[in-house]
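Under our numbering, the first residue of the sequence shown carries the number 6, and numbering increases by one thereafter.
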Amino acid sequence: MSKVSPSAWVRSGAPGVWLSAGAVSVALIMTLGLLALIAIRGLGHFWPADLMQASYEAPGQPAVSLIGEVIQQEQVPPPREAGSLSAGQREATDTRALIKTGNRDLGGNDFNWVVTRWLAHPAYPPELVSLERQAWGNAYGRITDLREAGRVVAEGEEAWAQLPARLARAQALNAQLSQLEKNEVGGINHALERLRLQSRSLELKGQLSDMAQADIATERSALNARYQGLEAQLNDLRQQASRDSLTLSDAQGRLLEVNLSDVLNAYRPNAMGVLEKARFYISKLWAFLSTAPREANTEGGVFPAIFGTVMMTLLMAVVVTPFGVLAAVYLREYANQGWMTRLIRIAVNNLAGVPAIVYGVFGLGFFVYVLGGSLDRLFFPEALPAPTLGTPGLLWASLTLALLAVPVVIVATEEGLARIPRSLREGSLALGATKAETLWKIVLPMASPAIMTGLILAVARAAGEVAPLMLVGVVKLAPSLPVDGNYPYLHLDQKIMHLGFHIYDVGFQSPNVEAARPLVYATALLLVLIIALLNLAAVALRNHLREKYRTLDT
6 MSKVSPSAWV RSGAPGVWLS AGAVSVALIM TLGLLALIAI RGLGHFWPAD
56 LMQASYEAPG QPAVSLIGEV IQQEQVPPPR EAGSLSAGQR EATDTRALIK
106 TGNRDLGGND FNWVVTRWLA HPAYPPELVS LERQAWGNAY GRITDLREAG
156 RVVAEGEEAW AQLPARLARA QALNAQLSQL EKNEVGGINH ALERLRLQSR
206 SLELKGQLSD MAQADIATER SALNARYQGL EAQLNDLRQQ ASRDSLTLSD
256 AQGRLLEVNL SDVLNAYRPN AMGVLEKARF YISKLWAFLS TAPREANTEG
306 GVFPAIFGTV MMTLLMAVVV TPFGVLAAVY LREYANQGWM TRLIRIAVNN
356 LAGVPAIVYG VFGLGFFVYV LGGSLDRLFF PEALPAPTLG TPGLLWASLT
406 LALLAVPVVI VATEEGLARI PRSLREGSLA LGATKAETLW KIVLPMASPA
456 IMTGLILAVA RAAGEVAPLM LVGVVKLAPS LPVDGNYPYL HLDQKIMHLG
506 FHIYDVGFQS PNVEAARPLV YATALLLVLI IALLNLAAVA LRNHLREKYR
556 TLDT
């Protein structure tokens, strides 16, 4: 077997192949490692951690009892206690732990760093209870009693036994309250606003007659009477929901009374088995995906952000595809291939490299202020000076993203059109088809995989953008979804939440950094998965179209 000389091996191109393969492998490993880190840090947050009870005995300070979850541990230099440290002690390291002690309304902080070697008598009593609340974060301690209208009805273990039924009752009443407030009361407010705008419109047109005023007043009176009835019903439900309360004793023996209408979950993690924890984990994960955020976005779910991200991306795709394809068809099939066309192609390629924030500034200036303000003066004068379309919203956010992504679609579509054999066009024309028929029935179907490729690239870029959206329609907390039961059902003028902006807000603007950190990882993983799902759906459609028109290509 002859040996290959080093120079021949280099000339064969093998080193380039190995370097390319190595670079791809390193990039793949780094990507998978990053996703694994995000998944572990984010998804681990929903597992019910055991509650530790211990005595914290720092030198020179009185011992303090604490109850909480051990969130993380890290190595740090030893603290400088009273007296000097020896050389060996200065070189050693200590372990400190971040403990989530909860009970923010009692102690002020719900996260505390402690030196682990000063934790004495750590234990995990099964009777310790964790309460997940609507506000003030988690509460930890032991159940003292259960009360109904201020009267003690059960204590100790009997109170824990009665808690699930009473908590389910309070949660059912809360759900009924939320349903009435969002649907019934929201519908009445929407109808009252519609009447106000109708009255103002008739006034501007000089048509606000006495009969029209009487009709509007009658309808407004009926709505107000309906609201009065709902208000009485809501007050009754609130009183029923706040009937039961729970008294909790913390590590220092302080009592904390919690109304069950404010409790989302009550569980004893130290007494739960693996299957029970797994069921609880699934329920928490589902709550994260299906509920709205709370506590300044540091608690709760991200459903409004998921909804806003998906809807905005789909609207962007609906807008960008026809415009991008039409522009590419004109440049490739109809335009004279002269210096002007070459200049337009250069401009399109340069647009793909413009920073996203520039598109946001353009969208704010043109779409919101110029176009939206003009539409307000033309179609919604009765609402002025309050803007209808002349303010950032879902429509302008989608159009801004479409403007950002259209160069990608144009370039990909042009490349697909260029790969269609000229003989197919000539054969279709020779058989009597017009140029438009040839384009519509032969060329575009065969170029559809390239069009889908451009759409995939556009979705991948636009779905993760944050900077332009901060200017044209995305907010920290949207009061409602842009789709509801009130006419016209889809409200393109409403502001929305977005997963990318939610990550920025929770990660950098949160008042409670330690509580928000795991949600940053979880939301980042969710955004990656949503973009991947949108891309996979487009890839599947592209592959289907490629197989469908493969025979024409051959």
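Using N, Cα and C, we set each Cβ at its ideal position, and we do this for glycine too. Please read these numbers as outputs of a predicted model, since none were measured by experiment.
Check whether residue i and residue j have beta carbons under 7 Å apart
| i | j | result |
| --- | --- | --- |
| E262 | S250 | yes |
| L133 | L56 | yes |
| P130 | Q58 | yes |
| Y526 | G38 | no |
| W401 | F372 | yes |
| A472 | G313 | no |
| A520 | T303 | yes |
| M321 | A407 | yes |
| R466 | A410 | yes |
| A483 | M502 | yes |
| D99 | V81 | yes |
| L185 | L228 | no |
| K289 | F513 | no |
| A283 | I415 | no |
| A44 | L530 | yes |
| V477 | P397 | yes |
| G107 | Y61 | no |
| G455 | G432 | At residue 455 the sequence reads Ala, which differs from the Gly that was named. Against a cut-off of 7 Å, the Cβ pair of G432 and A455 comes out as no contact. |
| L178 | A246 | yes |
| S135 | Q257 | no |
| A463 | V325 | yes |
Beta strand (DSSP E) segment containing residue i, residue limits
| i | result |
| --- | --- |
| N117 | F116 to V120 |
| T149 | N143 to E153 |
| Q77 | V69 to V81 |
| D249 | D249 to S254 |
| S135 | V134 to R138 |
| D99 | D99 to K105 |
| Y335 | Counting along the chain, Y335 falls outside any beta strand (DSSP E), and DSSP gives it neither H nor E. |
| A237 | Unbroken run through A237 is the alpha helix (DSSP H), D215 to A246; no beta strand (DSSP E). |
| P127 | L124 to A128 |
| A271 | V268 to Y272 |
Whole-angstrom distance between residue j and residue i, CA atom to CA atom
| i | j | result |
| --- | --- | --- |
| G459 | A175 | 51 Å |
| A217 | G395 | 29 Å |
| W23 | V15 | 11 Å |
| Q181 | D241 | 12 Å |
| G469 | I508 | 11 Å |
| S403 | E160 | 56 Å |
| A87 | V120 | Unreliable placement is indicated for A87, whose pLDDT of 42 sits below 50; the coordinate value is still reported in the next sentence. Approximately 16 Å between the Cα atoms of the pair. |
| Q499 | L331 | 29 Å |
| S183 | A154 | 22 Å |
| P516 | Q244 | 32 Å |
| S89 | A63 | Residue placement at S89 is flagged as unreliable, the pLDDT there being 49, under the threshold of 50; the coordinate-derived value follows with that caveat. Approximately 16 Å between the Cα atoms of the pair. |
| R109 | R138 | 11 Å |
| A164 | V158 | 8 Å |
| A542 | R551 | 14 Å |
| A125 | L103 | 16 Å |
| V511 | V307 | 11 Å |
| R547 | M451 | 11 Å |
| V190 | R201 | 17 Å |
| A32 | T393 | 47 Å |
| R205 | E419 | 50 Å |
| T559 | A13 | Its pLDDT being 49, under 50, T559 is placed unreliably by the model, and nothing is read from it. |
| M345 | F293 | 53 Å |
| G358 | A545 | 28 Å |
Opposing strand residues paired with residue i [DSSP bridges]
| i | result |
| --- | --- |
| M35 | M35 pairs with nothing; no bridge assigned. |
| I57 | Here residue 57 is Met; the residue named in the question, Ile, does not match the sequence. DSSP output for M57 lists G73 as bridge partner(s). |
| N341 | None, per the DSSP bridge assignment. |
| L260 | S254 |
| E442 | In DSSP, E442 forms no bridge with anything. |
| G432 | In DSSP, G432 forms no bridge with anything. |
| P612 | Here the chain comprises residues numbered 6 to 559, so residue 612 is not present and cannot be evaluated. |
| I501 | V479 |
| L495 | V488 |
Start and end residues, alpha helix (DSSP H) containing residue i
| i | result |
| --- | --- |
| P523 | V518 to K553 |
| L294 | V279 to S295 |
| P450 | L449 to A467 |
| P487 | Counting along the chain, P487 falls outside any alpha helix (DSSP H), and DSSP gives it neither H nor E. |
| L474 | L474 to V477 |
| Y509 | L504 to F513 |
| R16 | P11 to R16 |
| R109 | R109 to G112 |
is_contact[residue i, chain C] using C-beta, thresh 7 Å
| i | result |
| --- | --- |
| V119 | Absent from the structure: chain C. Only one protein chain is present. |
Entirely within the region 152 to 194 and at least 4 residues each: give me those alpha helix (DSSP H) ranges in chain order. Counting only runs of at least 4 residues, the region 152 to 194 fully encloses the following alpha helix (DSSP H) elements, listed from N- to C-terminal order: 161 to 184.
Beta strand (DSSP E) runs contained entirely in the region 351 to 415, provided each spans 3 or more residues
As far as the region 351 to 415 is concerned, it has no whole beta strand (DSSP E) run of at least 3 residues.
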